[in-house]
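A.B. asks:
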Amino acid sequence: MEFHGLMVSQRVRSIKPSGIRAMFEMATKDSVNLGLGELDLEPPKEVIDALKQAADEGRNRYGPTKGIDELRSAVAKKVSKYRQDLTMDNVMITCSGTQGTIATYQTLFDPLDEILVPEPGFVLYEPDAVLVGAKPVPYGMTEETFMPNIDDIMDAIGPKTKGLVVNSPSNPTGGILDRETFKALCDIADDHDLWIISDEVYEDFLYDGGIHHSFNEHIERSIVLNSFSKSLAVPGWRLGYLSAPVELIDEITKMQYHLVAAPPTPQQYALAASMHIQQRFLEEIIPLFDRRRKLMVKLLNEIDGFHCPVPRGAFYAFPSYDMPISSHELALDLAKAGVIAAPGTAFGLKGEGHLRFSYAASEDNIVKGLEIVKRVAEE
Numbered sequence: 015m016e017f018h019g020l021m022v023s024q025r026v027r028s029i030k031p032s033g034i035r036a037m038f039e040m041a042t043k044d045s046v047n048l049g050l051g052e053l054d055l056e057p058p059k060e061v062i063d064a065l066k067q068a069a070d071e072g073r074n075r076y077g078p079t080k081g082i083d084e085l086r087s088a089v090a091k092k093v094s095k096y097r098q099d100l101t102m103d104n105v106m107i108t109c110s111g112t113q114g115t116i117a118t119y120q121t122l123f124d125p126l127d128e129i130l131v132p133e134p135g136f137v138l139y140e141p142d143a144v145l146v147g148a149k150p151v152p153y154g155m156t157e158e159t160f161m162p163n164i165d166d167i168m169d170a171i172g173p174k175t176k177g178l179v180v181n182s183p184s185n186p187t188g189g190i191l192d193r194e195t196f197k198a199l200c201d202i203a204d205d206h207d208l209w210i211i212s213d214e215v216y217e218d219f220l221y222d223g224g225i226h227h228s229f230n231e232h233i234e235r236s237i238v239l240n241s242f243s244k245s246l247a248v249p250g251w252r253l254g255y256l257s258a259p260v261e262l263i264d265e266i267t268k269m270q271y272h273l274v275a276a277p278p279t280p281q282q283y284a285l286a287a288s289m290h291i292q293q294r295f296l297e298e299i300i301p302l303f304d305r306r307r308k309l310m311v312k313l314l315n316e317i318d319g320f321h322c323p324v325p326r327g328a329f330y331a332f333p334s335y336d337m338p339i340s341s342h343e344l345a346l347d348l349a350k351a352g353v354i355a356a357p358g359t360a361f362g363l364k365g366e367g368h369l370r371f372s373y374a375a376s377e378d379n380i381v382k383g384l385e386i387v388k389r390v391a392e393e
């Protein structure tokens, strides 16, 4: 049977491949990769040993759809620092923060519901809305600080608005919420009967005294997405978690069953046994990422036509540039020259005129990669 486009759903045909992946496909083995969205570090030895032990002990069967109690309980202990009455009944384990996002969307939204999404924002927020039949409505960010623009959000709310996506610390901008904006978003959700879907996978990556304001504080109207990929350097394990009102956890669990049946069992036992070392691991690596951050911002701001606000969270820089070229074309030129960066438009139309660079890379690679950027930009 001959394949043709009409055999694929309109929803899938309407979304585009990731603009970030396109840059990776152009990379050579000698390219300097400053486009990575994962740590360039190995997980702690205790985590790997715990996985081996779990497999050796026969933890290889299907587990509960919500995740094993041991890991849910460990996560509940972590999130209860934001709100003391949170328990493991408010928590479920997911097959990554990404899968948690689509499961949440599928649970909450009907066709033609509107979801407010940050722009520039993580590449999956808008297409995931399309895939569940909802309508993504972008809102902008403030200049320099990259916080949600409250006026934009208020202007975007309409009778079909049902959800508000927030991401702090932000991928791609590195912006973090201040307390005033956090409270304003909570008030908007209350006043307009909205669900807040808060992506907090970078909550532990904060600099310059930054404070993370978690929507776990406002759990009555929030679904908080998180992941183990960053905090324990295990992105390939594809495990995350979310917290939400107890009644909603039961509903998302129904959807999760039909997506994945259950999260992978041995990895869950390994993480449950390793959660106690997470804080130590983070305390070891955050100073390293802070040094890389400062180096990257300094070097970017030394390139003619580039302006890089100082990111206060995550591990990305999102400079603007003053050049008569689209971010996609500039990223292609850089890839051909030997350095990988993400075009700003991979994160929405409001990302035009920007590039995203990751400082989850060695200081040598940051210097080498940005030397190439400087050469290309100043030719």
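Numbering (this note's numbering), first residue to last: 15 to 393. We put the CB at the ideal spot given by N, CA and C, even for glycine.
Could you check whether I202 and V179 sit closer than 9 Å to each other, using their CB atoms as the reference points?
C.D. replies: Here residue 179 refers to the residue found at position 165 of the sequence shown. Here residue 202 refers to the residue found at position 188 of the sequence shown. Contact: no.
A.B. asks: Return the residue from the list S334, G319, G51 that minimises the CA-CA distance to S241.
C.D. replies: As a first step, residue 241 is located in the sequence shown; it is residue number 227 there, counting from the start. Nearest of S334, G319, G51 to S241, Cα basis: G51.
A.B. asks: Secondary structure at G254, three-state DSSP: helix, strand or coil?
C.D. replies: Here the question's residue 254 lines up with position 240 in the sequence shown. In this structure, G254 counts as strand in the three-state DSSP scheme.
A.B. asks: Going along the chain, which unbroken runs of the alpha helix (DSSP H) with 4 or more residues stay wholly within the stretch 244-298?
C.D. replies: 260-274, 279-288
A.B. asks: With DSSP as the reference, label P132 as helix, strand or coil.
C.D. replies: For the purposes of this step, residue 132 is identified with residue 118 of the sequence shown, where counting begins at 1. In the structure shown, P132 sits in a strand (DSSP, three-state: E or B).
A.B. asks: Sorted by chain position, which residues of the same chain lie with C-beta nearer than 8 Å to N163's C-beta, five sequence neighbours on each side aside?
C.D. replies: For the purposes of this step, residue 163 is taken as residue 149 along the sequence shown, with counting starting at 1. Excluding residues within five positions, the ones whose Cβ falls inside 8 Å are Y153, G154, M155, T156.
A.B. asks: By the three-class DSSP mapping on this structure, what secondary structure does I354 have?
C.D. replies: Locating residue 354 in the sequence shown gives position 340, counting from the first residue. Residue state, collapsed to three classes: strand.
A.B. asks: Output needed for Q8: all residues of its chain with C-beta closer than 7 Å, excluding positions within five of it in sequence on either side, in chain order.
C.D. replies: One cannot answer for residue 8 here, as it falls past the ends of the chain, which runs 15 to 393.
A.B. asks: Taking R75 as the reference, give the member of E133, C200, P278, V144 with the closest Cα.
C.D. replies: Residue 75 sits at position 61 when you count from the first residue of the sequence shown. For R75, the nearest C-alpha among the options comes from P278.
A.B. asks: In terms of residue numbering, what span does the beta strand (DSSP E) encompassing G188 cover?
C.D. replies: Residue numbering aside, residue 188 sits at position 174 when the sequence shown is read from its first letter. Premise fails: G188 is in no beta strand (DSSP E) and is neither H nor E.
A.B. asks: Check whether the stretch 338-346 and the stretch 373-382 touch, using three or more Cβ-Cβ pairs below 8 Å as the test.
C.D. replies: By the C-beta criterion, the stretch 338-346 is judged not to be in contact with the stretch 373-382, since fewer than 3 inter-stretch pairs fall below 8 Å.
A.B. asks: For H290, which of P31, S32, L100, E60 has the nearest alpha-carbon?
C.D. replies: Within the sequence shown, the letter at position 276 stands for residue 290. Among P31, S32, L100, E60, the Cα nearest to that of H290 belongs to E60.
A.B. asks: Do G77 and A287 have their CB atoms nearer than 9 Å?
C.D. replies: One-based indexing of the sequence shown puts residue 77 at position 63. One-based indexing of the sequence shown puts residue 287 at position 273. No; because the gap between Cβ atoms is not below 9 Å, this pair is not in contact.
A.B. asks: Would you give the residue range spanned by the beta strand (DSSP E) that T175 belongs to?
C.D. replies: For the purposes of this step, residue 175 is taken as residue 161 along the sequence shown, with counting starting at 1. It spans 175-181 - the beta strand (DSSP E) in which T175 sits, taken as one unbroken run.
A.B. asks: Please name the residue or residues paired with H368 in a DSSP beta bridge.
C.D. replies: If you number the sequence shown from 1, residue 368 lands on position 354. S334.
A.B. asks: Nearest by alpha-carbon distance to H368: which of I225, G352, P323 is it?
C.D. replies: Here residue 368 corresponds to residue number 354 of the sequence shown, with the count starting at 1. Minimum Cα distance to H368 is reached at P323.
A.B. asks: Short of 7 Å in beta carbon distance, which residues of its chain neighbour D304, apart from the five on each side in sequence? Order them along the chain.
C.D. replies: On the sequence shown, residue 304 is found 290 positions in, with the first residue counted as 1. The answer, listed in chain order, is Y221.
A.B. asks: If we call anything under 9 Å between Cβ atoms a contact, is R193 one with H232?
C.D. replies: Reading the sequence shown from its first residue, position 179 is the one you call residue 193. Reading the sequence shown from its first residue, position 218 is the one you call residue 232. A distance of 9 Å or more separates the beta carbons of R193 and H232.
A.B. asks: Apply the 10 Å Cβ neighbour rule to S23 and answer buried if 16 or more other Cβ atoms are within range, or exposed otherwise.
C.D. replies: Here residue 23 refers to the residue found at position 9 of the sequence shown. S23 is exposed by the Cβ-count criterion.
A.B. asks: Using only the alpha-carbon positions, how far apart do I299 and M21 sit?
C.D. replies: To locate residue 299, count along the sequence shown from 1; it is residue 285. To locate residue 21, count along the sequence shown from 1; it is residue 7. The alpha-carbon atoms of I299 and M21 are separated by roughly 48 Å.
A.B. asks: Quick one: Cα of Q113 to Cα of E393, how far?
C.D. replies: Position 99 of the sequence shown, counting from 1, holds the residue named residue 113. Position 379 of the sequence shown, counting from 1, holds the residue named residue 393. Distance between the alpha carbons of Q113 and E393: 43 Å.
A.B. asks: Should R306 be labelled buried (16 or more other beta-carbon atoms within 10 Å of its own) or exposed?
C.D. replies: Along the sequence shown, one-based indexing puts residue 306 at 292. Label assigned to R306: buried.
A.B. asks: How about I317 and V46: do their beta carbons lie closer than 9 Å?
C.D. replies: Counted from its first residue, the sequence shown places residue 317 at position 303. Counted from its first residue, the sequence shown places residue 46 at position 32. No; because the gap between Cβ atoms is not below 9 Å, this pair is not in contact.
A.B. asks: Start and end of the alpha helix (DSSP H) containing I317?
C.D. replies: What you label residue 317 is simply residue 303 of the sequence shown in a count that begins at 1. From DSSP, I317 is part of no alpha helix (DSSP H); its letter is neither H nor E.
A.B. asks: Look at the alpha carbon of Y96 and the alpha carbon of I225, and state the distance between them as a whole number of angstroms.
C.D. replies: Position 82 of the sequence shown, counted from the first residue, corresponds to residue 96. Position 211 of the sequence shown, counted from the first residue, corresponds to residue 225. The alpha-carbon atoms of Y96 and I225 are separated by roughly 12 Å.
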